[in-house]
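Order-wise, the sequence lines are chains A and B.
The letter at position 248 of the first sequence is residue 248 when you use my numbering, and the numbering goes up by one with no holes.
Count along the second sequence from 1, add 1000, and you get the number used in my numbering.
For glycine and all other residues, C-beta sits at the position ideal for the given N, C-alpha and C.
The next block holds one structure in the form of structure tokens; read it before the comments.
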Amino acid sequence: MSSPHASPRPGLPALRRLFSPGLLFALPFLVLFAVFMVWPLGQGLWMSLTDRALSAHAPSFIGLDNFTEAFRDAEMWRALGHTVWFTVLSTVPLVVVALGMALLVHTGLPGQWVWRLAFFAPYLLPVGVVGLLWIWLYQPDLGLYNHLLDALGLTQYAWLSDESVAMWAIALTTLWWTVGFNFLLYLAALQSVPDHLYEAAAIDGAGAWRRLWSITLPQLSRITVVITVLQVLASLKVFDQVYLMTKGGPNNSTRPVVEYVYDVGFTGYRLGYASAISYIFFALVVLASAAQFFALRRREK
Amino acid sequence: MTGTPASVGRPALTRRRALTAALGAGAAVLGAGALSGCGSALAAGDSTVRLWDLFSGADGGLLNDMVREARPDMPGTRIERTVLEWGTPYYTKLAMASAGGRGPDVAIAHMSRLAGYAPTGLVDPWDLDLLAEFGVRKSDFADAVWSRTQYEGRTYAIPLDTHPFIVFFHPEPVKKAGLLTKDGTLDADAFSSPDTFLAAGRELAKASGKQGIAFGYATDTAQGWRLFYGLYRQTGGAFTLPAGGPAEVDVDRMAEVIAFMAKLVDGRTNPKRLDYAAGLASFTNGQTAMILSGEWELGTFRAADKNVGAAPMPTVFGTPAVYADSHSFVLPHREHPDEDHRRRTHQAIAALLKAGQIWATAGHIPAYEPITRTPEYAALLPQEHYKSAADHVVLDPAVWFAGAGSDFQNAMSQVLQQALLDGLAPDRAARAMVRRLNTFLAKPSPA
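Here it is, written out as structure tokens:
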């Protein structure tokens, strides 16, 4: 490794200006970024314009045919709809429940560290473990949930094989699995709310609820925006828990668009068409991010 | 690197020196590992035939036995198995490896998938002259199976077995219901029309004291389709799938078959809402007297009832037809195949086919017919009772999107499940299936 030394060397100012230390430090990342992000992105875009398939034949250029086919593909729109539906179903509770848990822990449940650990621990599990665990919990005959419902005298559900329930079941699993991360962000934000605000409010005679509404929640608004943005992006990417728990079923009623891309490309062998769908999804995610960005900027002003 | 180990007791044993020594030792171990790795790779190129298959469990053990049995017929050749998990991803892995020319020397594939493999150039044709040299000829296979190995006049698959979708039964309740012939086989006449089939189910339910015929299909990705397609081909209805579509099928007959299936799982004489595992359980624990199932479950059934009987799927709609698939050997594509090694591969596969008697014990019908003609095979019961199924097998339609583990089977099974479980009318279900078929046909083939 010939890293530039701090001692200035005369005679190479032009070169030093060209390769500033900052650039040199960023170079390893930039190389990886180019090889593993920019290059595949370009390749994927090119692929989406060909009829490339998982076969030994050479692909040929077909222009925008893949895209026109995709826009008319009802199954793609259905899968996109499932992704959006999952995002709504998961983001709302993942923000609200995380906030509730953080408030409970922060306002002094006894044994704080136990709660902190218990709420965060599921987040550390790999998705494979989570999927297998919840498949057992959801078993219609011998699973825990139907057992509990039965004990309470309520109707049992075919959690993962009933079209009207399956997506809710997956959202519930996701809530249990990832709420810990949002909880941690909220907890950190709660601990950085200045104490003097509460003291001043207490002197003015504000009760606990008043302090919650007028101090805590307004102070948390910035982190709420951050958490929501992160959560929306994470939920849009949903694939693994669905693939593991229902394989997109029953009757494709839980298949998100990422799994549709996988199905078209890797089990249907149509890589070109799968690339086109990924680019359509990519464009929609960029649009959603841009909308969020501008909405945020307006608020800041 | 200075890897001289620091001798104990020398005063100069510093931390740095000890670390250097440890690093040196580590590097030596790694180097040795890499070298031996190279060694085995070289050996593999020479006398080892690498085989990818999807047989785990009991089937996997039997294949190992076959490899051992075949050894005298392939002197100097070693078969190295790689067992991959059965399911859709198996075909993804096989296709990817073949497209890159880095596949194994030979692989197991379902015959029903060949239509998606041969035209795309993912597999290479077999050399029949070479196989004949090792004693395996076209005439050794049933026509119904062999015809599916062909594409543009060349042979792309060598069938190992046929695994049909048949019926298993517990002899005692079936005898009590009067549905057994004198020689102990199933009385096929009693199942020869939809009405008599359903009546026989009621008799079986009476005889077993509980329920009649089990069929596990709920949330399964293939079972519904397996039963439907076999029965539909019995009606003699057309099922032509021209590229681009539309499908030429007989919707009325499809509806007729679906209506029969829905009556079969009525929930009164036969259980209604069984998934695959529950179907097996209801038969093995004697809740039902009969089950519609693939023969590959023979091991499970025999463990529960050592006298378990079997028969080909009864001809309910006139023309004999039994839904089946076939495990076959394919040659993943190579840009520049090594002649000698291909020859070795042909020899090894011929040797394996001749060891098919071992394979038959699992229930599969060996495709290599000299095996099924032996007295040893005739002594295998109940295998002997359903081997005639191989004469009337129908495999999935020969289109690129169909076959075992395909999205197509799943799509069809899901419509059928709606008809059987959620009360979708048979004619509407048939039309929904045709719509989905046409969607598949409209997609451009990857070939």
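Short CB-CB distance (under 8 Å) between Pro332/A and chain B: For chain A, the structure presents residues 1 to 301; residue 332/A sits outside this window and is missing.
Residues within the segment 42-53 of chain A neighbouring chain B, beta-carbon criterion of under 7 Å: Asp51 and Ala53
Secondary structure, alpha helix (DSSP H): runs of 4+ residues fully inside the segment 1346-1427 of chain B: 1356-1360, 1369-1372, 1375-1378, 1383-1386 and 1407-1421
8 Å Cβ cutoff met for Ala1289/B and Ser1192/B: no
Validate contact between the segment 1047-1067 of chain B and the segment 1347-1358 of chain B using beta carbons, cut 8 Å, 3 pairs: yes
Residue burial classification, Glu1295/B (beta-carbon count within 10 angstroms, cutoff 16): buried
Helix, strand or coil at Phe1317/B according to DSSP, with G and I counted as helix: coil
Min CB distance Asn251/A to chain B below 8 Å: yes
Cβ-based burial, Arg1435/B [other Cβ within 10 Å; buried from 16]: exposed
Chain A within 8 Å of Thr1155/B, Cβ atoms only: no
Cβ-based burial, Trp39/A [other Cβ within 10 Å; buried from 16]: exposed
Segments of 4+ residues assigned as alpha helix (DSSP H) that fall wholly inside the segment 1285-1347 of chain B: 1298-1304
Any chain B beta carbon closer than 8 Å to Gly131/A: no
Residues of the segment 1072-1096 of chain B whose Cβ lies closer than 9 Å to any Cβ of chain A, in chain order: Thr1088, Pro1089, Tyr1091, Thr1092, Ala1095 and Met1096
Range covered by the beta strand (DSSP E) that runs through His1453/B: Residue 1453/B lies beyond the stretch modelled for chain B, which goes from 1001 to 1447, so this question has no answer here.
Nearest-angstrom Cα separation, counted from Ala1404/B out to His1327/B: 10 Å
Span separating the alpha-carbon of Leu1241/B from that of Gly1230/B: 17 Å
Interface flag, Pro1444/B vs chain A, CB-CB below 8 Å: yes
Chain A contact for Leu1122/B (CB, 8 Å cutoff): yes
Length at least 3, wholly inside the segment 1080-1111 of chain B: the beta strand (DSSP E) runs in chain order: 1106-1110
Minimum Cβ-Cβ distance from Asp263/A to chain B less than 8 Å: yes
Stretch pair the segment 206-218 of chain A + the segment 124-137 of chain A: three plus CB contacts closer than 8 Å: no
Inter-residue Cα distance where the pair is Val88/A and Thr1284/B: 45 Å
Where Asp195/A falls: helix, strand or coil (DSSP): helix
Buried versus exposed call for Phe266/A [16 or more other C-beta atoms within 10 Å across all chains shown]: buried
Within 7 Å of chain B by C-beta, residues of the segment 158-183 of chain A in sequence order: Ser161
Within 8 Å, strictly: CB atoms of Ala169/A and Tyr123/A: no
Residue nearest to Lys1272/B in terms of C-alpha spacing, selected from Val1316/B, Ile1213/B and Tyr1232/B: Ile1213/B
Where Gln241/A falls: helix, strand or coil (DSSP): helix
Local conformation of Ala1123/B per DSSP, three classes: At residue 1123/B the sequence reads Val, which differs from the Ala that was named. Val1123/B falls in the strand class under three-state DSSP.
Reduced DSSP category for Glu1248/B - H, G, I as helix; E, B as strand; rest coil: strand
Below-8 Å beta-carbon distance, Asp1127/B vs any chain A residue: no
Range covered by the alpha helix (DSSP H) that runs through Leu104/A: Ala74 to His106
For Asp1127/B, the nearest candidate out of Ala1277/B, Glu1203/B, Val1330/B and Gln1234/B (CA to CA): Val1330/B
DSSP three-state assignment for Tyr269/A, whether helix, strand or coil: coil
Range covered by the beta strand (DSSP E) that runs through Trp1052/B: Thr1048 to Asp1053
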